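Visitor:
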Amino acid sequence: MSKSKDLSAKAPDKLTKKQAEAELARLAGEIAAHDKRYYQDDAPAVSDADYDALRQRNEAIESAFPDLVRPDSPSGRVGASPSEKFEKVRHAVPMLSLGNAFSDEDMADFRARVMRFLKLTEDDALDLTAEPKIDGLSASLRYEQGKLVLAATRGDGSEGENVTHNIKTIKDIPHKLKTKSPPKVFEVRGEVYMHHDDFAALNKRQEKDGKPVFANPRNAAAGSLRQLDSTVTASRPLRFFAYAWGEVSELPGSTQADVLKALKSWGFPVNERLRVCKNLNDIEVIYGELLEARADLGYDIDGIVYKVNRLDWQDRLGFVSRAPRWAIARKFPAEQAQTVLEGIDIQVGRTGALTPVAKLKPVTVGGVVVSNATLHNEDEIKRKDVRVGDTVVIQRAGDVIPQVVSVIEKKRPKGAKPFKFPKKCPVCDSHAVREVHPETGREDVVLRCTGGLICPAQVIERLKHFVSRNALDIEGLGAKQVELFWDKGVIKNPVDIFQLAGRIAAADLPPLVEWDGFGKTSARNLFAAIDERRTIGLARLLFGLGIRHVGETTARLLARTYGSWVAFRKAMDAAGKKGGDAYDELVSIDGIGPVVAAAIAEFFAEDHNEEVLAGLEAALTTIEDAEAPATESPVTGKTVVFTGALENMTRDEAKVRAEALGAKVSGSVSKKTDILVAGPGAGSKLTKAKDLGVEVMTEDEWLSLIGD
DNA sequence: AACCCTCGAGGTCA
DNA sequence: CTCGAGGGTT
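Each residue of the first sequence is one higher than the last, beginning at 0 in numbering that gives the first Met the number 0.
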């Protein structure tokens, strides 16, 4: 080692040929080892910068001694397997999440809700299937003509990652459906998980090999499935349970239970504890049974999933935002633990919100070590009377997020004083206030730093938000880099990001390579990523600005309403010139109320925001117009009112269907109404519609219009 | 009152 | 990625 150390200090062109040869051999070995640690063992041993330095040195020596380039030279592998990532796959049918129930009462509510929606009575048999909710990761497997052609992770529900190669290594999953007449298309959905015994054995092996052990089976399964090298996945003992489906050309049955039975016959493992519940009593009994059996199952479950068994009813029930109305997950009570609260930190968020975080003596709960937990706000601390030094009960809500449940007062040390929530921002020392709601006059629960632009914490958080994934999504510019650039005083607002490359080129700033954590490649990639975002979608930009109360959805709503950046700016400006602000215009948008409208109007009335916007307009090449709504139908954009009795569907169903087609459903007839769908017994609304000359149609006419 | 949305937190792996 | 609190909208 000492010999190579000498060499590594020597400039490439000062090396003798023999030394260069030795040095190249050493670098090849070392870089390959780092590659393996990083890509296969998920345990990088060096920083990216050090790694880059190794590669750079290798390249420098190679260029000085071109005839010595090794056949296994690391430079030949640049960008090959290491930088490859999983390809994104859009799910034909989104993979949704489930609503949660925590008690028998919640389950009764769920069942009642379903009955109300379907207009059922106790005489109608409402069967629910019940099965354990496996704690793993969901995947969607697409079979065409009975052959497995694509497998994807859930991702965000609409877009996942292509993990076909890895999925194919799982023995539970058939590559071909065991049936003579396979459907044209069938997407099987289920859970990839790891059995307790396999998990223990895997960790033993990891330990023996000197590799890090996994915290729990779920993480082990997730890590295994996301391996870039599928031979590694193959060596991991993954298993699978099928429980649902996505896009299908035909269904082998008319109930949930039937289809699962068919899946079993096709060669998939289906959980053996699947039951059908006829009534509330069955629902509660199976819960008790499963809770008792939980420890002996051999795999982790975090609850029970109940689904309406009849598929025609599932169709009628449809969805609320991202969850089906026909299914619910009954969660098991969370595991709890006790520990000592050693301190309370105050964090400052992008909107200035001061959030207290409990610093805990590390303790294991539900398989992971917890050392922090959010305390949400001042009131929460008061309500629970949490004091520094207290012994507290903590649990992982939904088995994920650590939270402080309660304080054990008996164990309180003498002299522990109630926590005094700071009245000033811990970062910039500005006053912290509770905002007052303009109409109700109620005070907000969160204290906010009033520092705004002078508060470094807020500015940095806003920058992080600007570059984050759902906003500008600048790759290579994450939280760490934002902080670095801020520390160096180089990036103070979004515009600075786009001027970075230009200023370095103009020698106004030192080249990135001279900075900590940047190598040649990472610098080049960063500039490329920034340039890529000089063309940006309107909704992303609006979201990225970080206007209070304007999240992804509202940003998209604004983008869709105005269509283009120019139109949007004009609306904000024109309204401003009249002496008022854009408020009136904004509140008239459906979905934007007084608070949100005020926040947006204020943002655009602010001079320093105007400055940044002008800078962005100059720096960006194109702000893309909002895309047209996804669905195009005869009723897109029309305002529809339903009145009287509907025969083929409930009012809620009708509303859901119409909205899915891009129509707006309203409760009362006005001159804005385009269509009134009138059933038997329609009264004043029908009269009013006729008066106003609104088009009136029957339920049947409506159904044929929307092509049902 | 139901539902939707923002906002912030923590953990793990790449 | 997931969750929960709490505010906003209808």
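For glycine and all other residues, C-beta sits at the position ideal for the given N, C-alpha and C.
All of these numbers come straight from a predicted model, not from anything done at the bench.
Exposed or buried, what is H464 when buried is set at 16 or more other beta-carbons lying within 10 Å of its beta-carbon?
Guide: Residue 464 sits at position 465 when you count from the first residue of the first sequence. So H464 counts as buried.
Visitor: Can you give me the C-alpha to C-alpha distance between Y298 and N524, rounded to a whole angstrom?
Guide: The residue given as residue 298 occupies position 299 in the first sequence. The residue given as residue 524 occupies position 525 in the first sequence. Between Y298 and N524, the C-alpha separation is close to 43 Å.
Visitor: Can you tell me the Cα-Cα spacing of A478 and N215, whole angstroms?
Guide: One-based indexing of the first sequence puts residue 478 at position 479. One-based indexing of the first sequence puts residue 215 at position 216. Roughly 28 Å separates the two Cα atoms.
Visitor: Which residue from V668, A150, A31 puts its Cα closest to that of K687?
Guide: As a working note, residue 687 is residue 688 in the first sequence. For K687, the nearest C-alpha among the options comes from V668.
Visitor: Taking all protein chains shown into account, do 16 or more other C-beta atoms lie within 10 angstroms of the C-beta of Q255, making it buried, or fewer, making it exposed?
Guide: The residue labelled residue 255 in the question sits at position 256 within the first sequence. Classification for Q255: buried.
Visitor: So, with DSSP's three-state summary, where would you put W701?
Guide: Taking the first sequence and counting its residues from 1, one reaches residue 701 at position 702. W701: helix per DSSP, three-state reduction.
Visitor: Just the Cα atoms here: how many angstroms apart are E121 and K684?
Guide: Working through the first sequence from its first residue, we reach residue 121 at position 122. Working through the first sequence from its first residue, we reach residue 684 at position 685. For E121 and K684, the distance between alpha carbons rounds to 33 Å.
Visitor: Determine the extent of the alpha helix (DSSP H) in which F485 is found, giving its start and end residues.
Guide: Numbered from its first residue, the first sequence carries residue 485 at position 486. Before going on, a small fix: residue 485 reads as Trp here, not Phe. Residues 478-486.
Visitor: Given a threshold of 16 other Cβ atoms within 10 Å of its Cβ, counted over all protein chains shown, does R141 qualify as buried or as exposed?
Guide: By 1-based counting over the first sequence, the position of residue 141 is 142. By the 10 Å Cβ count, R141 comes out buried.
Visitor: Quick check: the stretch 446-461 against the stretch 349-365, are there 3 or more CB pairs under 8 Å?
Guide: With a cut-off of 8 Å, the stretch 349-365 and the stretch 446-461 count as touching, because enough Cβ pairs lie within range.
Visitor: Can you tell me which of L544, A566, A597, V549 puts its alpha carbon nearest to the alpha carbon of E609?
Guide: Residue 609 sits at position 610 when you count from the first residue of the first sequence. Here the closest residue by C-alpha is L544.
Visitor: Hey, quick one: how far does the alpha helix (DSSP H) through V586 stretch, first residue to last?
Guide: Counting from 1 along the first sequence, the entry for residue 586 is found at position 587. It spans 582-586 - the alpha helix (DSSP H) in which V586 sits, taken as one unbroken run.
Visitor: Would you kindly check if the distance between the Cβ of V304 and the Cβ of E130 is under 7 Å?
Guide: Within the first sequence, residue 130 is the residue found at index 131, counting from 1. Within the first sequence, residue 304 is the residue found at index 305, counting from 1. Yes.
Visitor: Helix, strand or coil, according to DSSP, for L290 in the structure here?
Guide: Within the first sequence, residue 290 is the residue found at index 291, counting from 1. Three-state result, L290: helix.
Visitor: Output the boundary residues of the alpha helix (DSSP H) element that contains L149.
Guide: If you number the first sequence from 1, residue 149 lands on position 150. First-last for L149: 146-152, but that is the beta strand (DSSP E), not the alpha helix (DSSP H).
Visitor: Just to confirm the assignment, what range does the beta strand (DSSP E) spanning Q346 have?
Guide: In the first sequence, the residue the question calls residue 346 occupies position 347. Its beta strand (DSSP E) spans residues 335-347.
Visitor: What is the rounded straight-line gap between the Cα of Q458 and the Cα of P425?
Guide: Within the first sequence, numbered from 1, the residue matching residue 458 stands at position 459. Within the first sequence, numbered from 1, the residue matching residue 425 stands at position 426. Here residue 458 is Val; the residue named in the question, Gln, does not match the sequence. Approximately 14 Å between the Cα atoms of the pair.
Visitor: Which partner residues does N99 have in the DSSP bridge list?
Guide: As a position in the first sequence, residue 99 is number 100, starting the count at 1. DSSP, once it has assigned bridges, lists A328 as partnering N99.
Visitor: In the DSSP output, which residue or residues are listed as bridge partners for H430?
Guide: By 1-based counting over the first sequence, the position of residue 430 is 431. Beta-bridge pairing links H430 to K423.
Visitor: Mapping the DSSP letters down to three states, classify M114 as helix, strand or coil.
Guide: For the purposes of this step, residue 114 is identified with residue 115 of the first sequence, where counting begins at 1. Helix, per DSSP.
Visitor: Is the beta carbon of I407 closer than 7 Å to that of A336?
Guide: Position 337 of the first sequence holds residue 336. Position 408 of the first sequence holds residue 407. Not in contact: A336 and I407 (Cβ atoms no closer than 7 Å).
Visitor: Which same chain residues, not among the five before or five after E86, have their C-beta less than 6 Å away from its C-beta?
Guide: By one-based count along the first sequence, residue 86 stands at place 87. Closer than 6 Å at Cβ, skipping near neighbours: N161.
Visitor: Measuring CA to CA, which of T128, I166, L176, T168 is closest to Q144?
Guide: Residue 144 sits at position 145 when you count from the first residue of the first sequence. Nearest C-alpha to Q144: L176.
Visitor: Give me the Cα-Cα distance between D41 and N165, rounded to the nearest whole angstrom.
Guide: The residue you call residue 41 lines up with position 42 of the first sequence. The residue you call residue 165 lines up with position 166 of the first sequence. Summary for D41: the model assigns pLDDT 41, below 50, so the residue's position carries little reliability; its value from the coordinates is reported in the next sentence. So the two alpha carbons sit approximately 16 Å from each other.
Visitor: A151 and M193 - do their beta-carbons sit closer together than 7 Å?
Guide: On the first sequence, residue 193 is found 194 positions in, with the first residue counted as 1. On the first sequence, residue 151 is found 152 positions in, with the first residue counted as 1. The answer is no: Cβ separation not under 7 Å.
Visitor: Could you check the C-alpha separation between L471 and A528 for me, to the nearest Å?
Guide: Against the first sequence, residue 471 aligns to sequence position 472. Against the first sequence, residue 528 aligns to sequence position 529. So the alpha carbons of these two residues sit roughly 10 Å apart.
Visitor: Count Cβ pairs between the stretch 96-105 and the stretch 257-276 that sit closer than 8 Å; are there 3 or more?
Guide: Touching, no, given that fewer than three Cβ pairs across the two stretches are closer than 8 Å.
Visitor: Report the CB separation of M114 from L279 in whole angstroms; it is logged as a contact under 8 Å.
Guide: Within the first sequence, residue 114 is the residue found at index 115, counting from 1. Within the first sequence, residue 279 is the residue found at index 280, counting from 1. Going by Cβ atoms, the distance from M114 to L279 rounds to 11 Å, so no, they are not a contact pair.
Visitor: Quick one, are the C-beta atoms of E190 and I133 less than 7 Å apart?
Guide: For the purposes of this step, residue 190 is taken as residue 191 along the first sequence, with counting starting at 1. For the purposes of this step, residue 133 is taken as residue 134 along the first sequence, with counting starting at 1. Yes, Cβ-Cβ distance for E190 and I133 is below 7 Å.
Visitor: Report the CB separation of V481 from L508 in whole angstroms; it is logged as a contact under 8 Å.
Guide: On the first sequence, residue 481 is found 482 positions in, with the first residue counted as 1. On the first sequence, residue 508 is found 509 positions in, with the first residue counted as 1. Rounded, the Cβ-Cβ distance is 16 Å, inconsistent with contact.
Visitor: Determine the DSSP secondary structure at V512, reduced to helix, strand or coil.
Guide: Position 513 of the first sequence holds residue 512. V512: helix per DSSP, three-state reduction.
Visitor: Quick check: the Cα distance between A498 and D428, rounded to an integer number of angstroms?
Guide: Position 499 of the first sequence, counting from 1, holds the residue named residue 498. Position 429 of the first sequence, counting from 1, holds the residue named residue 428. Residue identity differs from the one stated: residue 498 is Gln in this sequence, not Ala. Spanning the two alpha carbons is a distance of roughly 31 Å.
Visitor: Run through the DSSP bridge pairs and tell me what N165 is partnered with.
Guide: For the purposes of this step, residue 165 is taken as residue 166 along the first sequence, with counting starting at 1. In the DSSP output, where bridge partners are listed per residue, N165 has none listed.
Visitor: With distances taken Cα to Cα, identify the nearest neighbour of L259 among A243, S248, V247.
Guide: The sequence position of residue 259 within the first sequence is 260, counting from 1. Nearest option by C-alpha distance: A243.
Visitor: Of the residues K409, T390, K416, which one's Cα is nearest the Cα of G381?
Guide: In the first sequence, residue 381 corresponds to position 382, counting from 1. The sequence shown places Lys at residue 381, not Gly. Comparing Cα-Cα distances from K381 to each of K409, T390, K416, the minimum goes to K416.
Visitor: So, with DSSP's three-state summary, where would you put T254?
Guide: The residue labelled residue 254 in the question sits at position 255 within the first sequence. Correct three-state label for T254: strand.
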